[in-house]
Amino acid sequence: MKIKKLFIANRAEIACRIARTASRMNIRTCGVYTPQDKHTMHVRVLDEISQLPAGDLPENYLNQDLLIETAKRFKANALHPGYGFLSENPEFAEKVQNAGITWVGPPPAAMRQ
């Protein structure tokens with residue numbers, strides 16, 4: 003399956019690195035930011051961006067359902083978790099896959115080992 007639009011479920015430098023690599027591969031990128039993040043690099047680098055509700059960074063960037071719904075709204079067919087936050091969460095990976103979005107990361111079974 004070809005990735006056409008990649009939702010990056012992370013922020014700052016890691017989101018920028020993923021976006022630059024995706025761009026070199028002709029993959030469009032999308033992601034999110036919080037009001038506190040509105041001046042960070044990834045807001046300028048991603049092709050499409052959506053503001054999350056005000057609140058704590060972890061509260062927003064760890065909100066699995068919100069991230070998946072936002073990825074669907076962008077019509078992203080793949081999701082890259084970056085590192086930290088939800089990148090090592092097998093339940094999140096399964097939720098992403100169950101939503102019909104390709105998980106760009108280790109398989110949930112491997113994360114459980």
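Sequential numbering from 3 applies to the sequence shown in the working numbering. We put the beta carbon where it would ideally sit given N, CA and C, even for glycine.
Point to revise | Burial state of Ala95, where buried means 16 or more other Cβ atoms lie within 10 Å | key: buried
Check your understanding: Going by other Cβ atoms of all chains shown within 10 Å of its Cβ, with 16 needed for buried, is Ala112 buried or exposed?
Key -> exposed
Point to revise | Reference Glu90, options Val106, Leu48, Arg46 and Ala17, closest by Cα | key: Val106
Review point. How big is the Cα-Cα spacing for Cys32 and Asn12?
Key: 10 angstroms
Practice item. Would you decide whether Thr23 is buried or exposed? Buried here means 16 or more other CB atoms lie within 10 Å of its CB. Key: exposed
Practice item. Could you check what DSSP says for His44 in three-state terms: helix, strand or coil? Key: helix
Point to revise | Buried/exposed call for Ala56, threshold 16 Cβ in 10 Å | key: exposed
Practice item. State the DSSP-derived secondary structure class of Thr31, mapped to helix, strand or coil. Key: strand
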